[in-house]
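Start counting the sequence shown at 39; every next residue gets the next number (our numbering). Glycine included, every Cβ here is placed at the ideal spot set by N, Cα and C. Remarks on the structure that follows.
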Amino acid sequence: MNSKRSKEEILFKTVKENNILPITSICKLNCIFCSHKNNPSEIETYSFGHLEFDLIKKMIEFLDPEQPVFIGESASKIIEGEPFVHPDIYKILNYIRQRWPEIEIKITSSGSFLQPEKVDLLKKLEPLELNISLNGPAPEERVFLMNDTRPDNVFKLIPELKKQRIKFDSSIVSMHHLKGCNYLKRTFDFLEKYPPQSLRVFFAGFSGFADEDLIIEKSGYYKLNNFIKQQQKYYSFPIIIEPQLISSLEAEINNLITNSAAQAAGLKSGDIISKINQIDVKSRVDAFYKIKAAKNPEIEFIRKNKKLKTRMLKEENKDSGLIMSYDLTLNQINKLTAYAEASKKDKNTAVIASIPAYKFIKKMLKPYLNQDFNLTILKANNLFFGGSIFAAGLLCNSDLIQTLRTADIKVDRIILPEIIYDYYGNDLLGNHYSELEDEFEAEIVLI
């Protein structure tokens, strides 16, 4: 940890920037797919144990009440534990609701330490949603995969959530290379009795620092994706593989939440949204948030090469029920195209993309990849982490430097994914992006 930064500074910054409320780094499980235990010592992470209630109260003041607050979600360098092992969890949740009466609370949990008899307390705190990391179809698999000391609990909890009508999503880190695909099907079968809003199946990304027996070939992604596509028709809830590999910015619908406004409007998986209230959309993210912001939006879309139109009946700033892959925001698209255009003026520009983003960024910038412009698109591999890792957020400076050296091109400007760096401009090894500035004597742009 950087000694120049206090615990409070790191925590308050996390809350203010992302509306994430860290409350504990203690988990009490020992999942075989947990990334933290495979991290080398150079990785910069922060672990704070259980945070004191008085400190959490101060952090709550930094929340944006217009956005959901996320508890238990690992989306920063802070190691997130299990929210329901914090001794003051219900006190914390009640205080959030008292301080911000309308804020939506979203909690990620293993489901092992949330007692079914406490679910009625959560009901009183709505709007509230849970994301339950199920990971297996029965207690035995939870013991094997998660070293769960209370493996029965989640299978009692989920029926109670449905009984109390509490919204929840679920997730699985797929270990099909160890357990076979049948254990996934059995997990889907269990959830069909108590359908979640959605189920996300994560391709297990193991770094080269993990045990060799755990690492799955990247080709295993396609096997998992095909399996999910084959199984989806048998279940009433949407099943989504993560990460999504997409090749363009077309606003294609991945799936829909059952009984949602999107489903009522007649939209289907595979439809491509082209206009909202007669305004063109530029990406999935653009379409998703335009629809969310609008009241009763008119939606033009393409289905099997046929142009269609519908109206979605919903209130402003309410969820539509659409499930779409995350690509680029309108702001990111505008910035990338502006810098691509600027490369015409003898400014040698390199855009470095991760493996999942490379295809759609190259396709988007294709009009600028000719002799009239000085633009190059480069694909960066996760060389430091290795294994089956392919993600922008897990790239490090050393990966980017190697990518540029291999390309052996003159660069005046380097455009990088902003997600690589924390609030202070440091990668996961604590190295600042200015290292590339010095190495290549080039301007660095984060998008």
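Check                                                                                                                                                                               : Outcome
Closest by CA to Asp365, which one among Ala325, Gly359 and Arg224?                                                                                                                 : Ala325
Three-state secondary structure (DSSP) at Ala445?                                                                                                                                   : helix
Can you name, in chain order, every residue of its own chain whose Cβ lies under 7 Å from the Cβ of Arg43, other than the five neighbours on each side?                             : none
Cα separation between Ser41 and Leu421?                                                                                                                                             : Summary for Ser41: the model assigns pLDDT 48, below 50, so the residue's position carries little reliability, and this model does not support an answer.
Counting pairs of Cβ atoms below 8 Å between the region 73-85 and the region 96-109, do you hit three or more?                                                                      : no
Are Leu89 and Pro60 close, meaning C-beta to C-beta below 8 Å?                                                                                                                      : yes
Alpha carbon to alpha carbon, what distance is there between Leu222 and Glu164?                                                                                                     : 31 Å
Anyone know if the C-beta pair for Leu294 and Ser307 falls short of 8 Å?                                                                                                            : yes
Could you check where the beta strand (DSSP E) with Thr348 kicks off and where it finishes?                                                                                         : Lys344 to Arg349
Kindly list the residues whose CB is nearer than 6 Å to the CB of Lys144, restricted to its own chain and excluding five residues on each side of it in sequence; keep chain order. : Pro106, Phe108 and Glu167
Assess, as a yes-or-no matter, whether the region 277-292 is touched by the region 313-324 under the definition of 3 or more beta carbon pairs within less than 8 Å.                : yes
Tell me which same chain residues have a C-beta within less than 7 Å of the C-beta of Lys205, skipping the five on either side of it?                                               : Glu167 and Gln235
CB Ser472 to CB Ala430, shorter than 8 Å?                                                                                                                                           : no
Excluding five sequence neighbours on each side, which residues of the same chain lie with their C-beta closer than 8 Å to the C-beta of Ile337?                                    : Ala303, Leu305, Ile311, Lys313, Ile314, Ile329, Lys347, Thr348, Arg349 and Met350
What does the alpha-carbon distance come out to for the pair Met39 and Lys45?                                                                                                       : Any answer about Met39 is weak, because its pLDDT of 42 lies below 50 and its placement is not dependable; what the coordinates show is given next. The straight-line gap from Cα to Cα measures roughly 9 Å.
What three-state label does DSSP hand Arg188 in the structure shown?                                                                                                                : coil
Which of the three DSSP states, helix, strand or coil, is assigned to Ala376?                                                                                                       : helix
Whole angstroms is fine: what's the gap from Lys66's alpha carbon to Ile482's?                                                                                                      : 41 Å
Can you tell me the Cα-Cα spacing of Leu403 and Leu374, whole angstroms?                                                                                                            : 8 Å
Going by DSSP, what residues sit across from Glu167 in a beta bridge?                                                                                                               : Lys144
How many whole angstroms separate the CB atoms of Leu172 and Thr225, which I take to be in contact at a CB cut-off of 8 Å?                                                          : 6 Å
With C-beta atoms as the reference, is Leu474 less than 8 Å away from Asn419?                                                                                                       : no
Hey, how far is the Cα of Lys201 from the Cα of Ser208?                                                                                                                             : 16 Å
Out of Ser150, Arg451 and Lys96, which one is the CA nearest neighbour of Ile390?                                                                                                   : Arg451
For Ile390, name the three-state secondary structure that DSSP assigns.                                                                                                             : strand
Do you know how far the Cα of Phe241 is from the Cα of Pro281?                                                                                                                      : 7 Å
So does Gly246 have its beta carbon nearer than 7 Å to some heavy atom of the ligand MG?                                                                                            : Although the ligand MG was asked about, the structure shown includes no ligands whatsoever.
Answer with buried or exposed for Leu467, where buried requires no fewer than 16 other C-beta atoms within 10 angstroms of its C-beta.                                              : exposed
Short check: CB of Thr52 to CB of Ser148, under 8 Å?                                                                                                                                : no
So for His74, helix, strand or coil by DSSP?                                                                                                                                        : helix
Would you mind working out which of Tyr272, Phe339, Tyr377 and Pro335 sits nearest Asp357, comparing C-alpha positions?                                                             : Pro335
Assuming Leu416 contacts Ala388 under a Cβ cut-off of 8 Å, what Cβ separation, rounded to an integer in Å, is found between them?                                                   : 6 Å
Secondary structure at Phe275, three-state DSSP: helix, strand or coil?                                                                                                             : coil
How big is the Cα-Cα spacing for Phe122 and Ile48?                                                                                                                                  : 22 Å
Rank Val239, Gln153, Lys382 and Leu252 by C-alpha distance to the C-alpha of Phe265 and give the top, closest one.                                                                  : Val239
Buried or exposed, going by whether 16 or more other CB atoms sit within 10 Å of the CB of Lys231?                                                                                  : exposed
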